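**Student:** Take a look at the following structure, please.
In our numbering, the protein residues as written are 463 to 979.
Printed below as a string of structure tokens:
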């Protein structure tokens, strides 16, 4: 017995030695057991989710529900959208929406106008009984005709004003407010280059496109439907889901999506896994990031590709993002290059430089489509532009010449990334070293603020082309090199390019003796 006790004592570890080992092993066992239980719960939960989740169709018909319904679940992006120009594009006039001067505001014809009323007041703006008015001088009398304003459109760069005619047309008034100049100006008069006269102001309200709810509103509202109109655009009956560019203008009608997500908790969990972990489309609604390139870009092109529908206005009515099977169109890519790039064209907003490159602000999307990036790559508008805060960059610095925008370009152009100076011939960080400087120069003209300005082209091809400036003149065919090197002639810059890149071949462009108009 004594030997057994002794053997037992010798075989057993001392209490101080035994206690730490036992605690460690117990801790490991407990964590293993807990992990097994959690894994089992996850498996059971996943199984239950997939079993309970309902399948959804790839093609469907749905109704529009309005952006407020989207905000019930998507609170963060809905809040971002609420403060964006998209959401606030069209509003009723009040102290929060009107940016123009309605405190006895006025517009005078310029002193050099051929009109006998040159230098005199021909328009006034005012508020009376909480209603906003723009009054134009009568063409044959000294009195003024007051138009009560129904909606204001825009506010960032300029603001236009529309009134309702007896037969339902919302007519655009001829004067807009420039936020840059803090003054009224005749937008279309300046676009067309016509004389600023009183008769011209009245004539601006007789054009087809002055019928705002039959023309402009298709891009400034959501789910607009023209129920009635006449060829002269003097009669209209129009409906829309909501003023401004709502969620469903880009994501398509959402009734089935709302029903699917709210009717079954398992649907929401399963959709999170499918969408975020497996990249599957969201149920019953369009997400451009999950669409093929052509469909994804169609979401933006419908309105930002102003030249697309020159001869096909009905496509504004037929287009709908997503997966609708109700006779709608969701891919507009066959029309992206439909309008000809006629060299020297000067039609307002869709102008073309003499070398055939897009020039007017209505050609901004077209310039992107003309790029090699579009043809050979997979770029998206929302790579750089936040669609919910549509004047904000997706990342700080990506909308300007910077290391951030260079990194975006070099994610594809990897051969340049490690030795950029060999390509740019400019010191890193200096003007000319950034991709934007040479490949996205400010060659798109715009009158957004009442002042002629230029914004960046999105052509992103071999744009530094002083050769065309030699052929057509710098005013008719600008080039990125001359934008900075103003002390050098285009001919001198051609020689510099040949020295830097011996294999340089100027991009093809029209012959200089072709008919430009």
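In this text, a Cβ means the ideal position worked out from N, Cα and C, and glycines have one as well.
Bear in mind that the values here come from a model prediction, so they are computed numbers and not experimental data.
In its own chain, which residues sit with a C-beta less than 7 Å from the C-beta of residue 672, not counting the 5 before and 5 after it?
**Tutor:** Excluding sequence neighbours, residue 672 sits near 633, 634 and 666.
**Student:** Assuming residue 795 and residue 760 are in contact, meaning their beta carbons sit under 8 Å apart, how far apart are those beta carbons, in whole angstroms?
**Tutor:** Going by Cβ atoms, the distance from residue 795 to residue 760 rounds to 6 Å, so yes, they are a contact pair.
**Student:** Going along the chain, which residues of its own chain have a beta-carbon closer than 6 Å to the beta-carbon of residue 529, five neighbours each way excluded?
**Tutor:** For residue 529, where only same-chain residues beyond five positions count, the Cβ hits under 6 Å are 708 and 709.
**Student:** In the DSSP assignment, the alpha helix (DSSP H) including residue 687 goes from what residue to what residue?
**Tutor:** No alpha helix (DSSP H) contains residue 687, which is instead part of the beta strand (DSSP E) from 687–691.
**Student:** Return the Cβ separation of residue 908 and residue 919 in integer angstroms, given the expectation that the two are a contact with Cβ distance under 8 Å.
**Tutor:** Between residue 919 and residue 908 the Cβ distance is about 12 Å, and since that is not below 8 Å, they are no contact.
**Student:** Would a C-beta distance cut-off of 9 Å place residue 577 and residue 523 closer than the cut-off?
**Tutor:** No. Outside cutoff.
**Student:** To the nearest angstrom, how far is it from the Cα of residue 733 to the Cα of residue 543?
**Tutor:** Whole-angstrom Cα-Cα distance: 23 Å.
**Student:** In the DSSP output, which residue or residues are listed as bridge partners for residue 855?
**Tutor:** The partner list for residue 855 (beta bridge, DSSP) reads 847.
**Student:** Quick one: is residue 890 buried, meaning 16 or more other Cβ sit within 10 Å of its Cβ, or exposed?
**Tutor:** Classification for residue 890: exposed.
**Student:** When the Cα of residue 811 is compared with those of 817, 770 and 846, which residue comes out closest?
**Tutor:** Of the candidates 817, 770 and 846, the one whose C-alpha sits nearest the C-alpha of residue 811 is 770.
**Student:** Sort 914, 851 and 784 by Cα distance to residue 713 and report the nearest one.
**Tutor:** The option with the nearest alpha carbon to residue 713 is 784.
**Student:** Among the residues of its own chain, which have a CB less than 6 Å from the CB of residue 640, if the five just before and after it don't count?
**Tutor:** Taken in chain order, the residues that qualify are 620, 647, 911 and 912.
**Student:** Using the Cβ count rule (16 or more neighbours within 10 Å means buried), how would you classify residue 943?
**Tutor:** By the 10 Å Cβ count, residue 943 comes out buried.
**Student:** For residue 781, which residues of its own chain have a beta-carbon under 8 Å away from its beta-carbon, when the five flanking residues on both sides are left out?
**Tutor:** Once the five neighbours on either side are set aside, the close Cβ partners of residue 781 are 760, 764, 790, 791, 792 and 794.
**Student:** Would residue 820 and residue 828 qualify as a contact pair, given that the criterion is a beta-carbon distance under 9 Å?
**Tutor:** Yes. Within cutoff.
**Student:** Report all residues from its chain with a CB closer than 7 Å to the CB of residue 623; omit the five preceding and five following residues, and keep chain order.
**Tutor:** Contacts found: 596, 611, 614 and 635.
**Student:** Can you check DSSP and say which residues form a bridge with residue 908?
**Tutor:** 915.
**Student:** What is the DSSP secondary structure of residue 542, reduced to helix, strand or coil?
**Tutor:** Residue 542: helix per DSSP, three-state reduction.
**Student:** With a threshold of 16 other CB atoms inside 10 Å of the CB of residue 503, please say whether the residue is buried or exposed.
**Tutor:** Legend: pLDDT at residue 503 = 46, less than 50; position of this residue unreliable, value from coordinates given subsequently. With fewer than 16 other Cβ atoms within 10 Å, it is exposed.
**Student:** Can you give me the C-alpha to C-alpha distance between residue 876 and residue 716, rounded to a whole angstrom?
**Tutor:** Using only the alpha carbons, I get a separation of about 41 Å.
**Student:** Shorter than 9 Å from the beta carbon of residue 660 to some beta carbon of chain B?
**Tutor:** In the structure shown, chain B cannot be found, because there is only a single protein chain.
**Student:** Buried or exposed, going by whether 16 or more other CB atoms sit within 10 Å of the CB of residue 670?
**Tutor:** By the neighbour-count rule (16 or more Cβ atoms within 10 Å), residue 670 is not buried but exposed.
**Student:** As a quick exercise: from 663, 700 and 659, pick the residue whose alpha carbon is nearest that of residue 677.
**Tutor:** It is 700.
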